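**Student:**
Protein chains in written order, with the working numbering: chain A, 1 to 207; chain F, 1 to 207; chain E, 1 to 207; chain H, 1 to 207.
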């Protein structure tokens, strides 16, 4: 049985990573179930299907956004767990809390696909991703604070850089909730702007 | 082909654990499909969506409770299988019986989400978790009784502690069924109280 | 790229097994989605839910039967692949054909759950399991005929025993289709009888 | 955290492959959910179910075609990643783009199952598979161009052969879109012809 502060190694850490990857893979693949085939009577298919396919654009957008978000979550999770060699109860709980959010993403995505031009679904979507990213930052912060969990000490400048990034991005998501009260479209554009700026910063940082 | 009492090693044991983890990951991620996007006509979304989102609370509760329950099942399963190095037919069958229950959890969860203020769904939910926990206790009991399946003999005091815990928790779930005949809410609160007390006991035990 | 008759080793074989296990895990977990929560108006729940839960018995039966069937498929697949160390295109194709059937099982199960007292669904269900078992027998036969795919030659008596078993069981499933024209219930009972007799034979064989 | 051009090894590469395999396994297993059990009143089941089962043929066809397509994608992905020992950001992004397409396949499959005798769904289906194949070709091209990602340099003749194949097949899918404007059936037959010719070419190449 797991004991507090007990350090586990090798295979045990792998089983946590495998379970996490399973949940990532399933959550990311379930997203497609929210794109429902339009229901059109047989004799109207030729005339109405093209417009019906186009009108599904909030669902395509939701699929794209959530796929990218979960892929980014996975990439960061992957990076955080790479140097981790052992774990304790707190890390296990934090990771489950984070996975609870990852597995939840299909619901706000479906909501966005159905009511994407309304304020509440946009706010719920932004809040979900903000909380997910904060939990990831918490896992990162916890694991780097407890060097006994790590292979080797991490470079403090890199840790600080990722901590700032891991707090700025949720802050922008929360800001987009404020924006959504004025303009739903502007809030959605904030997300795309953030993704682009983040990619630029990462690129410049590691040039 | 598998022979009774034949001992398997290494990779074989890993394949059982991998299949189990796959089923855990899928069952835990399917839970979100029970939170259905409310169906509201376009012109009423602004006025009615907030209340509709709030009225989904039994579904959020079900998602949370079942996610935590499966996560706890996974953590205990993980602990039980850590020292196991070989397996026999009985262990394989017991594990499949347990997985049949884990994969079933989304159904009582959906039932609880739909009819959470009624006695029968609460009783079915409690019974499912009780049986799941009992099967896990049976796997633990069987593996520790057959030392040839293990890496090294387990500490008897620890085995006894977890056996008692593994019988007390299903007993409380069964008790909550009795309580549900008087008050459905009280039965649900019993589960939360049990989770909290269990965490305390575990914490004190390993201080 | 894969070349015909090219022998792959270690990690490659593991990737096939992992993909197979993923498909097993998902197919077995999707079965629960066929047990739908009954739809009852709020004021009739107390009086009508118990009977509605009982009337779901063909769905519970389908869940149980298909879970056991896929678990048996997995156990045999596991046994067949244990001595396999390399693979070729034919083995890859046979395995995909078999997995196409495993992933299909939720559909005949849903059909059985919906129309379990009619002849056609019972026949389709039996045919699906018969074909699945035959493909598994084909994989076994192919791998033991090509010793270069194996770790070490297999005991001929054991190979013969499992070949006979792997042909008898599909034959009984096909027989149950004939029986289903006279009595649907008798056909379903044939399956249970077969499972019991098979367990007995296996037990006696390896005593 | 991932750094551009940073080379990762061993376990990291395995985690990408595992996530990919998880998405392959789930996408391929979700296909069955598009084959819906027909809804027939109890007293008409005997007379109407057989015809209803037959009328599901576009769904069976879609299941078969998409299962084969994803299985082919997996086989090629498997072959491309076999010699890959490290990865960089570009490879990670290309792989996620490809997986976004694999996870999307159930939607055009459902569309084909519902409106398989119309031009638009056939074109969308062909376009999805063409883009998926092109992304796979891009991954292959990128990995062989960056020898530091590979175990050992690849044979240039083989690389060229697979590049040509990896461009011809999407070209034929795009051609089938043009054909679909004249005859939907002819477009679908193009796919089967292509699969058969491809198998022949591969077989002759490696005789």
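Heads up, the beta-carbon is just placed ideally off N, CA and C, and yes, glycines get one too. These numbers were taken from a predicted model, which means no experiment stands behind them.
(1) 8 Å is my cut-off, CB to CB: does residue 104(E) come that close to chain H?
(2) Grab the span of the alpha helix (DSSP H) containing residue 48(A) for me, first residue to last.
(3) Do residue 106(F) and residue 30(F) have their C-beta atoms within less than 8 Å of each other?
(4) What are the boundary residues of the alpha helix (DSSP H) that residue 114(H) is part of?
(5) First and last residue of the alpha helix (DSSP H) that includes residue 67(F)?
(6) Assign residue 74(F) to buried or exposed, taking buried as 16 or more other Cβ atoms, counted over all protein chains shown, within 10 Å of its Cβ.
(7) Enumerate in chain order the residues of its own chain whose CB-to-CB distance from residue 151(E) is below 8 Å, with the five nearest sequence positions on each side excluded.
(8) For the region 172-180 of chain A against the region 45-65 of chain A, do three or more pairs of beta-carbon atoms, one drawn from each stretch, fall closer than 8 Å, so that the two count as touching?
(9) I want to see whether chain A comes within less than 8 Å of residue 15(H), judged by CB atoms only; does it?
(10) Among 115(H), 94(H), 132(H), 97(H), whose alpha-carbon lies nearest the alpha-carbon of residue 44(A)?
(11) At which residue ranges does the region 142-187 of chain F contain complete alpha helix (DSSP H) runs of 4 or more residues, listed in the order of the chain?
(12) Quick check: the region 16-25 of chain F against the region 93-102 of chain F, are at least 3 beta-carbon pairs closer than 8 Å?
(13) Give me the chain H residues within the contact set of residue 129(A), using Cβ-Cβ distance strictly less than 8 Å, ordered along the chain.
(14) When you compare each of 138(F), 69(F), 157(F), 160(F) to residue 126(F) by their alpha carbons, which one comes out closest?
(15) In whole angstroms, what separates the C-alpha of residue 192(A) from that of residue 91(H)?
(16) Can you give the Cα-Cα distance for residue 194(F) and residue 80(H), rounded to whole angstroms?
(17) Return the CA-CA distance between residue 140(E) and residue 168(E), expressed in angstroms with no decimal places.
(18) Within 8 Å (strictly less), CB to CB, does residue 118(E) reach chain D?
(19) With a cut-off of 8 Å, does the C-beta of residue 213(H) fall near any C-beta of chain E?
(20) Using a Cβ cut-off of 8 Å (strictly closer), state whether residue 226(A) contacts chain H.
(21) Listing by chain order, which chain A residues have their CB less than 7 Å from the CB of residue 96(F)?
(22) Would the C-beta of residue 178(E) count as close to the ligand ZN, meaning under 7 Å from any of its heavy atoms?
(23) Smallest Cα separation from residue 199(A): which of 93(H), 16(H), 58(H)?
(24) Is residue 90(E) close to chain H? Criterion is C-beta to C-beta, closer than 8 Å.
(25) Out of 146(F), 67(F), 72(F), which one is the CA nearest neighbour of residue 89(F)?
(26) Starting from the C-beta of residue 176(H), find all residues in its chain whose C-beta is less than 7 Å away, skip the five residues before and the five after it, and write them out in chain order.
(27) Below 8 Å CB to CB, which residues in the same chain sit around residue 155(A) once its five sequence neighbours on both sides are set aside?
(28) Are the beta-carbon atoms belonging to residue 17(F) and residue 63(F) less than 8 Å from one another?
(29) Would residue 72(F) be called buried (16 or more neighbouring beta carbons within 10 Å of its own) or exposed?
(30) Between the C-alpha atoms of residue 2(H) and residue 201(A), what's the straight-line distance to the nearest angstrom?
(31) Which class does residue 84(F) belong to by DSSP, given the choice of helix, strand or coil?
(32) Using the C-alpha atoms, what's the distance from residue 20(A) back to residue 134(F)?
(33) Exposed or buried, what is residue 203(A) when buried is set at 16 or more other beta-carbons lying within 10 Å of its beta-carbon?
(34) Give the DSSP-derived three-state secondary structure of residue 39(F) in the structure shown.
(35) Using the beta-carbon of each residue, which ones in chain F are nearer than 9 Å to residue 30(A)?
**Tutor:** On the basis of the supplied data:
(1) Judged by the 8 Å Cβ criterion, residue 104(E) is in contact with chain H.
(2) 45-54
(3) yes
(4) 106-115
(5) 57-81
(6) That one is buried.
(7) 83, 84, 85
(8) no
(9) yes
(10) Checked all of 115(H), 94(H), 132(H), 97(H); the closest Cα to residue 44(A) is 115(H).
(11) 156-180
(12) yes
(13) By Cβ distance, chain H contributes nothing, its closest Cβ being about 17 Å from residue 129(A), past 8 Å.
(14) 69(F)
(15) Near 22 Å, if we compare the C-alpha coordinates of residue 91(H) and residue 192(A).
(16) Computed Cα separation, rounded: 51 Å.
(17) Roughly 15 Å between the two C-alpha positions.
(18) Protein chains A, F, E and H are contained in the structure displayed, whereas chain D is not.
(19) Look at the range of chain H in this structure, 1 to 207, and you will see that residue 213(H) is not part of it.
(20) Any question about residue 226(A) goes unanswered here, given that chain A covers just 1 to 207.
(21) In chain order: nothing, as chain A lies at least about 18 Å away.
(22) This structure lacks the ligand ZN; in fact it carries no ligand of any kind.
(23) 93(H)
(24) Not an interface residue.
(25) 146(F)
(26) 126, 187, 190, 191
(27) Cβ-Cβ distances below 8 Å link residue 155(A) to nothing in the same chain once the five nearest sequence neighbours on each side are left out.
(28) no
(29) buried
(30) Annotation note: pLDDT 42 at residue 2(H) (below 50); position unreliable, no value reported.
(31) strand
(32) 26 Å
(33) exposed
(34) DSSP, read as helix, strand or coil, puts residue 39(F) in coil.
(35) Close partners of residue 30(A) in chain F (Cβ separation under 9 Å): 29, 30, 32, 33.
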